[in-house]
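Structure record follows, encoded as structure tokens.
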Amino acid sequence: MENGTIKSKKHFPSPNPHVRLTEIVYWSEGLKVKGMLAEPKKPGSYSGILYLRGGIQSIGMVRPARIAQFAAQGFVVFAPYYRGNRGGEGRDEFAGADRWDAVHAVDVLKKYSNGKVHLLAFSRGGIMALWTAILRPDVTSLVTWAGVTDTVLTYKERPDMRRMMKRLYGGTPNTALAAYEERNPLMRIDESNAPMLIIHGLKDENVYPAQAYLLEEALELNVQQYETWYFPEYTHFFPPAANHKTVKAICQWMRVKES
């Protein structure tokens, strides 16, 4: 089946009366992958947000309330679960071949939106979004919030994730460096033309700010368009009021990038 085509869809209960949720099964590199679509119920022409989740498997799974929050701001939002999750085929590879699930999800989103697609990534989703921006020249903008940039750095920063990474990557950065480098989007970031917004809490110990600085450095080096919003007082997760304020500010930033 052709990548990005929809195999099936079903209604999903929504936490927001103004937002309609649908769980979608779509094709990605011969695999059936699942994701969730959030649409404003009010008729209109809406731009799309591809929401790229963090974590792996059940950790960091797409939350209906989270994507409904962005849909309520006047966007159609699609959030792939990535392969191997929630009954989807294949295996989640933490930014390996599963990057194609994000790349082909752009085509799913375009079926429901006005054709403009913004990438919004959280945590592990950061590396997925960077690859999507490299492989999809039709992306309008990219926002990476507490985003992973470099898997070698993640291996060093997160001892609790090393076992999982060794299993998926075939070793450590010392013994299987090629698998880590193959996942590193910074080597090809100059192929993206999307303006980027980097958001990071400077007290983040899940994804250290060094990951944001690396991306900023690479974009600076290539004279690419980017902006940074650093928050000295916040960790990986922003308090509810700050989160809400940031969501609104992100949506405003995206609208400006469309004009």
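In our numbering, the protein residues as written are 127 to 385.
Glycine included, every Cβ here is placed at the ideal spot set by N, Cα and C.
Residue interval of the alpha helix (DSSP H) (run including residue i)
| i | result |
| --- | --- |
| residue 312 | Premise fails: residue 312 is in no alpha helix (DSSP H) and is neither H nor E. |
| residue 175 | First-last for residue 175: 174-178, but that is the beta strand (DSSP E), not the alpha helix (DSSP H). |
| residue 277 | 277-283 |
Alpha carbon of residue i to alpha carbon of residue j, nearest angstrom
| i | j | result |
| --- | --- | --- |
| residue 220 | residue 354 | 25 angstroms |
| residue 283 | residue 167 | 42 angstroms |
| residue 136 | residue 228 | 20 angstroms |
| residue 291 | residue 169 | 44 angstroms |
| residue 367 | residue 373 | 10 angstroms |
| residue 139 | residue 191 | 10 angstroms |
| residue 199 | residue 377 | 7 angstroms |
| residue 369 | residue 295 | 33 angstroms |
| residue 263 | residue 184 | 31 angstroms |
| residue 385 | residue 201 | 16 angstroms |
| residue 133 | residue 278 | 36 angstroms |
| residue 186 | residue 363 | 12 angstroms |
| residue 323 | residue 194 | 21 angstroms |
| residue 150 | residue 130 | 11 angstroms |
Per-residue DSSP class, three states only, for residue i
| i | result |
| --- | --- |
| residue 356 | strand |
| residue 206 | strand |
| residue 366 | helix |
| residue 340 | helix |
| residue 301 | coil |
| residue 323 | strand |
Contact under 8 angstroms by Cβ, residue i with residue j
| i | j | result |
| --- | --- | --- |
| residue 214 | residue 159 | yes |
| residue 204 | residue 235 | yes |
| residue 265 | residue 258 | yes |
Residue i: first and last residue of the uninterrupted beta strand (DSSP E) it sits in
| i | result |
| --- | --- |
| residue 132 | 132-138 |
| residue 189 | It is not in any beta strand (DSSP E) - residue 189 carries neither H nor E in the DSSP assignment. |
| residue 166 | 157-166 |
| residue 151 | 145-154 |
3 or more residues per run - each beta strand (DSSP E) lying fully within the stretch 239-265: Within the stretch 239-265, the complete beta strand (DSSP E) runs of at least 3 residues are 243-248.
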